[in-house]
Amino acid sequence: NGFLEGIIGRIKKIKSSAYGYRSWNNFTERINIQMFWLRASSSAK
């Protein structure tokens, strides 16, 4: 449950800073990059 809340929090943070994105694809790519970093950092532990 806490893990999912962390993901939702990251998406909300990206969404709040995504005002200047030109397309939906840029927004979704930014979310994918964040999720990749999250998986990479959690697997390193």
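Residue numbers (the numbering used here): 2 to 46. Beta carbons: idealized from backbone N, C-alpha and C, even for Gly.
How close, in whole Å, do the beta carbons of isoleucine 15 and isoleucine 32 come, if the pair is a contact with beta carbons under 8 angstroms? Sequence index remark: in the sequence shown, residue 15 carries index 14 (1-based). Sequence index remark: in the sequence shown, residue 32 carries index 31 (1-based). Sure, about 6 angstroms apart at Cβ, within 8 angstroms.
Through-space distance from glutamine 35 to asparagine 26, alpha-carbon basis:
Along the sequence shown, read from residue 1 onward, the residue named residue 26 stands at position 25. Along the sequence shown, read from residue 1 onward, the residue named residue 35 stands at position 34. Roughly 14 angstroms separates the two Cα atoms.
Point to revise | Straight-line Cα distance separating asparagine 2 from phenylalanine 28 | key: The residue given as residue 28 occupies position 27 in the sequence shown. The residue given as residue 2 occupies position 1 in the sequence shown. Going by the C-alpha atoms only, they are around 24 angstroms apart.
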